[in-house]
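Protein chains in written order, with this note's numbering: chain Z, 1 to 514; chain Y, 1 to 313.
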């Protein structure tokens, strides 16, 4: 139904990002395109539907139902968008217009493409489409704005917009990446059902290998603007031919348990007792008393030197709040958090205690957590300057270079800006910032979830390597059970602010469930 | 609705506080109303009797209450210069200022909003660049100079209107609106330039949002995307500026009224200050304060209409 021949896309007449690819999608077929960021998969999708920006040049043939879309004028092409070919996007909140009601946004494709439809018929079709995507009580939702809906509902609304004109092809660009795991499954099941019931093909773009494997009929692997391999999911996953595909498949966390274990006589490094963290709840009337909401509920645990402890849980369960609380970055807390090292005890909740270099944090987003206006060398030296132990700049420089080597970057990086670095390199710098003060405990909050699988694997190996070499303790926060399992000695599970440790049986049980 | 009531109550309280401060200021300003009324030759007994009869010896809160009650009944006191009720003196001037304000605001609104979107849409093209440059030039020129320029070009050279002729609204309403128009344009031009620049920036940052891509993916034309999807979002930050501009034009422009020879509030205020006609001055100042407060509150309420994400509490 869709046949793409020798598609080339370049921006500003210079950077070619897609180098002449060929692929095809049959009727009611679900075709996956996998690749890492920068592989050109999103650009390919945008050129198929015709949403490339003005500065992009697209050559080649895009034959849809026997017609070459690339030869059509913008005006003629608009007749296909939203009716024959539709697209749903990664982030449903930002992809919906925040100031228009759900009704207006759902009705729009009908206004544009079904000009002779009466308002009553439009409403009927809108309600029908909403029911098809599993939105109950569609009448009540019509007057809502996107921010009033949950993430899953928003993506359902997006899908409803996508199917409202009965398209033949839907392009789904990472439609579940921004959603929680159980929501992901629901949305994927929904897409599959719609594809079957309405004879709609889906071009499914993702970097998540396991989703593609279960969801797609056929898979294309993209790398640096080329399609390197194609086949059924089983062929790609169990018998990859190309080197790149092999590397890609090899990087997927396989969920093997960590082999080495602790000796059992390690000293306690962090002792947390009945620790609660509160948020102030918004007051309804100004004379009301401020209500505190307990986000982390009476958590007690201990971490030992050289231990890698995992913390898993759904988004919103209080993982990040707990980690900020442990560092003393939350004001309203109860209970006690003590850090012990070399016979020195530090109360982490005491705002005046000297906490230099005791505990450090590595954050999820390596793009946002480095000052874009400063060079890497400056960023790394900042804690040293504040601490004041190393007086001369030459001494500090020496230390910066040591740390850079430790995280696998060469010395020239100290003269670069964060924007010159890739995501993985930035995360290495973030780890270096945590290490430079000689921290004995690092809290890593989803350190690899913003990274591609191959880079993810490198960073995880780096963390493991550093941990084995220096014997520091790590609290590793993640939502990906497979990663946590292969990284950590012990795993804590957090639900609704409460913490419990998983027994070894529960940990291995989880593998079989997957 | 609850928000609306809350906002109205807080607005009334603000107005009361402002009126009290205004009253206090005129109390503190040196000068005795009785002496200035009776002249320096009056005996202390005469002054005292006059003060007693006019209630000038009552404590401040009592006099404030009396003054406020008068205002609420439409009695703004008596002008010391013209010896006529202030309300009557002001009504003509207020008509001129209000209609000038409405006219210039309409002109301003219906030019600046579409122009702002178009300048953003064609920002890389010749149209966008030329308008951008033009806006910068207009913004740099003060409105009274634009006024003089307009009078010279369209009034004297092209003879499209008779400069400095004022038609009272009672004689011919259309003629009245017509004679205000050049002044309205002079007031509006620099404000158009400001808002076009601001809206352009707002639209440019909205252009990059994901929902714009979604709109295009539905097959919407670029005009529909710009004027329906983007404009509604881009207007949110611009709303504040629109409110400020509306308050500014409603308060009357002293300079423009002078340039175009219009008998509006601004000119009247200047001449009344000169003749120390305090009842008139306080009435005009209270009007200006009220306009600013009311419009600011309306803008706050309008925010909730244009941006549904703002919580109503």
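Note that CB positions come from ideal geometry on N, CA and C, so glycine has one too.
Only a predicted model underlies this, so the values are computations on that prediction, with no experimental measurement involved.
Whole-Å CB distance - residue i paired with residue j, under 8 Å assumed
| i | j | result |
| --- | --- | --- |
| residue 96 (chain Z) | residue 105 (chain Z) | 6 Å |
| residue 138 (chain Z) | residue 149 (chain Z) | About 12 Å; that fails the 8 Å criterion. |
| residue 333 (chain Z) | residue 291 (chain Z) | 16 Å between Cβ atoms; not a contact. |
| residue 408 (chain Z) | residue 451 (chain Z) | About 15 Å separates the two Cβ atoms, so there is no contact after all. |
| residue 415 (chain Z) | residue 375 (chain Z) | 6 Å |
| residue 474 (chain Z) | residue 444 (chain Z) | 6 Å |
| residue 81 (chain Z) | residue 50 (chain Z) | 6 Å |
| residue 92 (chain Z) | residue 309 (chain Y) | In fact, because the Cβ distance is near 15 Å, the residues do not count as touching under 8 Å. |
| residue 377 (chain Z) | residue 349 (chain Z) | Residue 377 (chain Z) to residue 349 (chain Z), Cβ: 33 Å. No contact. |
| residue 193 (chain Y) | residue 138 (chain Y) | 4 Å |
| residue 125 (chain Z) | residue 135 (chain Z) | Not quite, the Cβ-Cβ distance comes to about 14 Å (not below 8 Å), so this is no contact. |
| residue 179 (chain Z) | residue 155 (chain Z) | 6 Å |
Cutoff 8 Å; reference residue i; Cβ partners in own chain excluding five residues on either side
| i | result |
| --- | --- |
| residue 177 (chain Y) | 99, 103 |
| residue 262 (chain Z) | 304, 306, 307, 489 |
| residue 254 (chain Z) | 482, 486 |
| residue 286 (chain Y) | 18, 19, 22, 71 |
| residue 212 (chain Y) | 206, 225, 229, 230 |
| residue 204 (chain Y) | 120, 123 |
| residue 11 (chain Y) | 293, 294, 297 |
For residue i, the nearest candidate out of the options (CA to CA)
| i | options | result |
| --- | --- | --- |
| residue 93 (chain Y) | Y:245, Y:265, Y:165 | Y:265 |
| residue 250 (chain Z) | Z:26, Z:380, Z:458 | Z:458 |
| residue 74 (chain Y) | Y:65, Y:56, Y:87 | Y:87 |
| residue 168 (chain Z) | Z:158, Z:194, Z:187 | Z:194 |
| residue 20 (chain Z) | Z:223, Z:256, Z:83 | Z:223 |
| residue 132 (chain Z) | Z:153, Z:77, Z:406, Z:143 | Z:153 |
| residue 238 (chain Z) | Z:265, Z:87, Z:209 | Z:209 |
| residue 48 (chain Z) | Z:346, Z:24, Z:218, Z:430 | Z:24 |
| residue 400 (chain Z) | Z:16, Z:429, Z:373 | Z:429 |
| residue 339 (chain Z) | Z:115, Z:454, Z:272 | Z:272 |
| residue 310 (chain Z) | Z:293, Z:336, Z:280, Z:257 | Z:257 |
| residue 317 (chain Y) | Y:294, Y:226, Y:204, Y:222 | Residue 317 (chain Y) is absent from the model: chain Y starts at 1 and stops at 313. |
| residue 554 (chain Z) | Z:492, Z:85, Z:39 | As shown, chain Z starts at 1 and ends at 514. That puts residue 554 (chain Z) outside it, with no answer to give. |
| residue 181 (chain Z) | Z:58, Z:151, Z:295 | Z:151 |
| residue 55 (chain Z) | Z:43, Z:78, Z:274 | Z:43 |
| residue 499 (chain Z) | Z:439, Z:53, Z:295 | Z:295 |
| residue 262 (chain Y) | Y:292, Y:97, Y:47 | Y:97 |
| residue 233 (chain Y) | Y:220, Y:209, Y:214, Y:255 | Y:209 |
Close-in-space but distant-in-sequence residues of the same chain around residue i (CB under 7 Å, 5 per side omitted)
| i | result |
| --- | --- |
| residue 277 (chain Y) | 79, 80, 81 |
| residue 150 (chain Y) | 182, 185, 186 |
| residue 206 (chain Z) | 32, 34, 174, 212 |
| residue 119 (chain Y) | 128, 131, 132, 196, 200 |
| residue 512 (chain Z) | Unreliable positioning characterises residue 512 (chain Z) in this predicted model, as indicated by a pLDDT of 46, which lies under 50. The coordinate reading is nonetheless provided below. So no residue of the chain qualifies. |
| residue 168 (chain Y) | 176 |
| residue 236 (chain Y) | 306, 307 |
| residue 17 (chain Z) | 9, 10, 11, 40, 43, 225 |
Cβ-based neighbour list, residue i, same chain, cut-off 6 Å, excluding 5 preceding and 5 following
| i | result |
| --- | --- |
| residue 101 (chain Y) | 249, 250 |
| residue 514 (chain Z) | Note on residue 514 (chain Z): pLDDT 41, under 50, position unreliable in the model; the coordinate value appears next. Here the set comprises nothing. |
| residue 355 (chain Y) | Outside the modelled stretch of chain Y, which goes from 1 to 313, sits residue 355 (chain Y), for which no answer is possible. |
| residue 155 (chain Y) | 161, 163 |
| residue 230 (chain Z) | 220 |
- Message: If we require 4 or more residues per run, which alpha helix (DSSP H) segments fall completely within the region 193-255 of chain Z?
- Response: 209-215, 233-238, 243-250
- Item | the region 64-95 of chain Z: positions lying closer than 8 Å to chain Y by Cβ | 78, 79, 80, 81, 82, 83, 86, 87, 89, 91, 94, 95
- Item | Contiguous beta strand (DSSP E) assignments of at least 3 residues, all confined to the region 449-484 of chain Z | 473-478
- Relative to chain Z, which residues along the region 189-221 of chain Y have a C-beta separation below 9 Å, given in chain order? 209, 210, 211, 212, 213, 214, 215, 216, 217, 218, 219, 220, 221
- Within the region 280-348 of chain Z, note down every full alpha helix (DSSP H) run reaching 4 residues or more, in order along the chain. 319-326
- Message: By the 7 Å beta-carbon criterion, what residues does the region 138-149 of chain Z contribute toward chain Y?
- Response: 145, 147
- May I ask you to list, following chain order, the residues of the region 224-252 of chain Y that have a beta carbon less than 7 Å from some beta carbon of chain Z? 229, 232, 233
- Message: Please give me, in chain order, every unbroken run of the alpha helix (DSSP H) with length at least 4 that falls completely inside the region 392-460 of chain Z.
- Response: 393-406, 423-435
- Message: Under 8 Å, CB to CB, which of the residues in the region 424-440 of chain Z have a partner in chain Y?
- Response: none
- Task: Let me know the alpha helix (DSSP H) ranges lying completely inside the region 71-158 of chain Y, each 4 residues or longer, listed in chain order.
- Result: 86-121, 126-140, 143-150
- Unbroken alpha helix (DSSP H) runs of length 4 or more, entirely within the region 80-145 of chain Z: which are they? 92-95, 102-113, 119-132, 138-141
- Query: Mind pulling the alpha helix (DSSP H) runs of 4 or more residues that sit fully within the region 196-246 of chain Y?
  - Reply: 210-217
- chain Y contacts made by the region 209-223 of chain Z, where a contact means CB separation under 7 Å: none
- Mind checking the region 153-172 of chain Y against chain Z and listing, in chain order, the residues whose C-beta falls within less than 7 Å of any C-beta there? none
- Would you list, in chain order, the members of the region 103-120 of chain Z that have their beta-carbon closer than 7 Å to a beta-carbon of chain Y? 108, 109, 112, 113
- Could you pull out every unbroken alpha helix (DSSP H) segment of at least 4 residues lying fully inside the region 14-51 of chain Z, listed in chain order? 41-49
- Item | chain Z contacts from the region 286-309 of chain Y (Cβ-Cβ distance under 9 Å) | 306, 307, 308, 309
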